[in-house]
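Residues in the sequence shown are numbered consecutively from 819, following the numbering used here. Glycine included, C-beta positions come from ideal geometry on N, C-alpha and C.
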Amino acid sequence: YFDKFLKGANEKRLMKFIPPDWIPVYDPSEFEPQSGDDIYTTIDIDIQDIAHTELEAALVKYEAEAGTVVVMEVATGAIRAISNLSADGKGNYREFYNHAIGRLSEPGSTFKLATVLALMDDNYAQLDSKVDFNKGKMKFYDQTMYDSEWHGIETADLRKAFEISSNVGIANLANQHYNKAGGNTNFIRALKRFGLLGPTGIELIGEKHPYVKDPIKDKKEWFGTTIPWMAHGYELMFTPLQILNLYNTVANDGKMMKPYLVSKIKQGDKLIKDFPPRVISEKIASSNAIQGAQDLLEGVVIRGTGRKLRSEYFGFAGKTGTTRINYAKKDEEKKYNASFAGYFPAKNPKYSMMVVVYTPHGKYYGGSVAGPVFRNVVEKVHNLKLDLNKAINQGFQLVAAANLPKRRIGYKKDFEKVFEYVGIEYKNKSKSNWVAVDPFDNKMLIDKKSIIKSEVPDVRGMGARDAVYVLE
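So this is what it looks like as structure tokens:
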């Protein structure tokens, strides 16, 4: 797409053949070659380096076939990092193919976000809706579905089903509401609202179109088991970027942005073309449904399949994904893709991210393989970006939260220096050197404190240094 801007213009020259060679002939109409334009990408080189390093480490550790990490800015859709690595057969990992936009695969449990969002947006379910788990095993027509781990739960709510990533629970709820007359069409309509029936439109060659069956157009390929299997991420295929765009939209309170990798094109100081953020949809679902989805994604990290990734220092929300990729070949060794999709911080998110590790060896669960990559990137970006770290003096509520004593007494200039250093507003009502300080209307009030030399002073509320000085 951008080659026409990068390659510039070729030189044209009049030539005359004088055997045995062609000789250039001067012609005023000929022109010199022109340099190509400059492309300014949205990539943050620091985040790119972190994502690449963490992905490569995971691929080496699990001897995986390939992997990808994409980091997107929530508010704009700008791609801040994109790393694609594949095994070269010699023990190394190199960038051969753009898996993020060109590799279709069944997403597995990361797709459950779309299912529960559809259920809530269509008013079929709420977070506390009753869900039948049937101890993690259920038959749909002629096929039996299992949860990844035995849990023995008969019934619980939607929140629990999502947090423990119950295939049976999510599929059963979707089957009740969408596997009936007109219901399957409603499910596909919901996916269309979520932007999952077409490519993201990123300006890169090679983005694959998602594969989603239609109950009318693909009637011969639509079965009674299609809805329950779609509900937990099978019988449909997406690229990692397409799944990420849904998570980014949920993080952005339902506003879908178009992912983009180039911000502008310039020739020297001249702006040739600008690529501002572009809104695809102002609202893909109701506010209640979006809020419910956000609560579910936070719950996964707090109590669910992502709880081992949780940190007390920074918060993030997301969903684990583990996809069996050769389930149709019963005689083969089982192969999986591991993934984790989410955003950070959990509150007022700045970035969304998708991690996919293709065909890892040894461990294969999304929470064990892809999850640590996600967490490590979050941790390092969190430490790197000052705007993700709140200052200790940010907001007056932090003063109240510190549980300061209601009254402090001491030397006025000391208090003034402290308040100015940490950025706390104060009001000075005293010209005396010795003062009493009290919290008052979101500021500190400095008032006079009388010290009478002929009397033993009251030093309660003073620091040790001031008290000793006054008593002496």
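Classification of Gln-961 by the beta-carbon crowding that lies within 10 angstroms, buried from 16 upward: The sequence position of residue 961 within the sequence shown is 143, counting from 1. Exposed.
Cutoff 7 Å; reference Tyr-996; Cβ partners in own chain excluding five residues on either side: Numbered from 1 along the sequence shown, position 178 holds the residue referred to as residue 996. Taken in chain order, the residues that qualify are Asn-1002, Asn-1004, Phe-1005, Ile-1045.
Buried versus exposed call for Val-1097 [16 or more other C-beta atoms within 10 Å across all chains shown]: Here residue 1097 refers to the residue found at position 279 when the sequence shown is read from its first residue. By the 10 Å Cβ count, Val-1097 comes out exposed.
Reference Gly-907; option with closest CA among Val-878, Val-892, Ala-896, Glu-891: The residue you call residue 907 lines up with position 89 of the sequence shown. Distances from the CA of Gly-907 to each of Val-878, Val-892, Ala-896, Glu-891 were compared; the closest alpha carbon is that of Val-878.
Straight-line Cα distance separating Leu-1206 from Asn-1251: For the purposes of this step, residue 1251 is taken as residue 433 along the sequence shown, with counting starting at 1. For the purposes of this step, residue 1206 is taken as residue 388 along the sequence shown, with counting starting at 1. Taking the CA atoms as reference points, Asn-1251 sits about 40 Å from Leu-1206.
Euclidean distance between Cα positions of Tyr-1239 and Phe-914: Numbered from its first residue, the sequence shown carries residue 1239 at position 421. Numbered from its first residue, the sequence shown carries residue 914 at position 96. Distance between the alpha carbons of Tyr-1239 and Phe-914: 52 Å.
Helix, strand or coil at Gln-944 according to DSSP, with G and I counted as helix: To locate residue 944, count along the sequence shown from 1; it is residue 126. Gln-944: coil per DSSP, three-state reduction.
Test: Ile-1023 CB closer than 8 Å to a CB of chain C: No chain C is present in this structure, which holds just one protein chain.
Chain-order list of residues whose beta-carbon lies under 6 Å from that of Ile-971 (same chain, five-residue window excluded): Taking the first residue of the sequence shown as position 1, residue 971 is located at position 153. Cβ within range, chain order: Phe-951.
Assigned secondary structure, Ser-927 (DSSP; H/G/I helix, E/B strand, else coil): As a first step, residue 927 must be located in the sequence shown, where it is residue number 109. It is helical.
Inter-stretch contact (C-beta, 8 Å, three-pair minimum) for the region 1152-1165 and the region 1090-1107: no
Buried/exposed call for Ser-1105, threshold 16 Cβ in 10 Å: For the purposes of this step, residue 1105 is identified with residue 287 of the sequence shown, where counting begins at 1. Exposed, by the Cβ-count rule.
Secondary structure, beta strand (DSSP E): runs of 3+ residues fully inside the region 1110-1173: Fully enclosed beta strand (DSSP E) runs of 3 or longer: 1135-1142, 1154-1162.
Unbroken beta strand (DSSP E) run spanning Met-1280, endpoints: As a working mapping, residue 1280 is identified with position 462 in the sequence shown. That residue, Met-1280, is in no beta strand (DSSP E); it is neither H nor E in DSSP.
Close-in-space but distant-in-sequence residues of the same chain around Lys-1153 (CB under 6 Å, 5 per side omitted): Indexing the sequence shown from 1 puts residue 1153 at position 335. Cβ neighbours of Lys-1153 beyond the five flanking positions: Ile-1143, Asn-1144, Thr-1177.
Distance between Gln-866 and Asp-953 (C-alpha atoms, nearest Å): Here residue 953 refers to the residue found at position 135 when the sequence shown is read from its first residue. Here residue 866 refers to the residue found at position 48 when the sequence shown is read from its first residue. Just to set this straight, residue 953 is Lys in the shown sequence, not Asp. For Lys-953 and Gln-866, the distance between alpha carbons rounds to 43 Å.
Alpha-carbon to alpha-carbon, Lys-1031 and Thr-1140: Within the sequence shown, residue 1140 is the residue found at index 322, counting from 1. Within the sequence shown, residue 1031 is the residue found at index 213, counting from 1. Those two C-alpha atoms are separated by around 22 Å.
C-beta contact flag for Ile-919 and Glu-1021 at 8 Å: Numbered from its first residue, the sequence shown carries residue 919 at position 101. Numbered from its first residue, the sequence shown carries residue 1021 at position 203. No.
Sheet register partners of Met-1074 (DSSP bridge): Within the sequence shown, residue 1074 is the residue found at index 256, counting from 1. Paired residue(s): Ser-1099.
Beta-carbon gap between Lys-1084 and Asp-855 smaller than 8 Å: Taking the first residue of the sequence shown as position 1, residue 1084 is located at position 266. Taking the first residue of the sequence shown as position 1, residue 855 is located at position 37. For Lys-1084 and Asp-855, yes; Cβs fall inside 8 Å.
Separation of Ser-947 from Leu-1216, as counted between CA atoms: For the purposes of this step, residue 1216 is taken as the residue at position 398 of the sequence shown. For the purposes of this step, residue 947 is taken as the residue at position 129 of the sequence shown. Per-residue confidence for Leu-1216 stands at a pLDDT of 48, beneath the threshold of 50, marking its modelled position as unreliable; no derived number is given.
Secondary structure of Tyr-1183, DSSP reduced to three states: The count along the sequence shown starts at 1 and reaches residue 1183 at position 365. Tyr-1183 falls in the coil class under three-state DSSP.
Residues bridged to Arg-1226 [DSSP beta-bridge criterion]: In the sequence shown, the residue the question calls residue 1226 occupies position 408. According to DSSP, Arg-1226 bridges with Val-1255.
Cβ neighbour criterion (16 or more within 10 Å) applied to Val-1191: Position 373 of the sequence shown holds residue 1191. Looking at its Cβ environment, which holds 16 or more other Cβ atoms inside 10 Å, Val-1191 is buried.
Inside the region 932-999 only - alpha helix (DSSP H) runs reaching at least 4 residues: 976-981, 985-996
Nearest-angstrom Cα separation, counted from Lys-1035 out to Ala-1188: Within the sequence shown, the letter at position 370 stands for residue 1188. Within the sequence shown, the letter at position 217 stands for residue 1035. Looking at the two C-alpha atoms, the distance is approximately 36 Å.
Residues near Arg-1193 in its chain [Cβ-Cβ closer than 8 Å; skip 5 each side]: Within the sequence shown, residue 1193 is the residue found at index 375, counting from 1. Excluding sequence neighbours, Arg-1193 sits near Leu-1127, Ser-1129, Phe-1134.
Neighbour-count burial assignment, Ala-1219, 16 or more Cβ in a 10 Å radius: The residue given as residue 1219 occupies position 401 in the sequence shown. Note that Ala-1219 scores 40 on pLDDT, short of 50, meaning its location in the model is unreliable; the coordinates nonetheless yield the value given after this. That one is exposed.
Endpoints, the beta strand (DSSP E) within which Pro-842 is located: The sequence position of residue 842 within the sequence shown is 24, counting from 1. Taken as a continuous stretch (DSSP letters only), the beta strand (DSSP E) holding Pro-842 covers 839-842.
Ser-1170 beta carbon less than 8 Å from that of Ala-1069: On the sequence shown, position 251 is the one that residue 1069 refers to. On the sequence shown, position 352 is the one that residue 1170 refers to. Yes.
Alpha carbon of Glu-1116 to alpha carbon of Gln-944, nearest angstrom: Residue mapping note: residue 1116 aligns to position 298 of the sequence shown, counting from 1. Residue mapping note: residue 944 aligns to position 126 of the sequence shown, counting from 1. Distance between the alpha carbons of Glu-1116 and Gln-944: 16 Å.
Arg-1125 versus Glu-981 - alpha carbon distance: Against the sequence shown, residue 1125 aligns to sequence position 307. Against the sequence shown, residue 981 aligns to sequence position 163. Roughly 9 Å between the two C-alpha positions.
Proximity below 8 Å, CB of Thr-933 to CB of Ala-1103: Working through the sequence shown from its first residue, we reach residue 933 at position 115. Working through the sequence shown from its first residue, we reach residue 1103 at position 285. Not closer than 8 Å, so no.
DSSP state of Thr-1044 mapped onto helix, strand, coil: The count along the sequence shown starts at 1 and reaches residue 1044 at position 226. Of the three classes helix, strand and coil, the one that applies to Thr-1044 here is helix, per DSSP.
Buried/exposed call for Gly-1228, threshold 16 Cβ in 10 Å: Working through the sequence shown from its first residue, we reach residue 1228 at position 410. Around the Cβ of Gly-1228, a 10 Å sphere holds 16 or more other Cβ atoms; the residue is buried.
C-alpha distance - Val-1274 paired with Glu-1243, whole-angstrom precision: As a first step, residue 1274 must be located in the sequence shown, where it is residue number 456. As a first step, residue 1243 must be located in the sequence shown, where it is residue number 425. Near 33 Å, if we compare the C-alpha coordinates of Glu-1243 and Val-1274.
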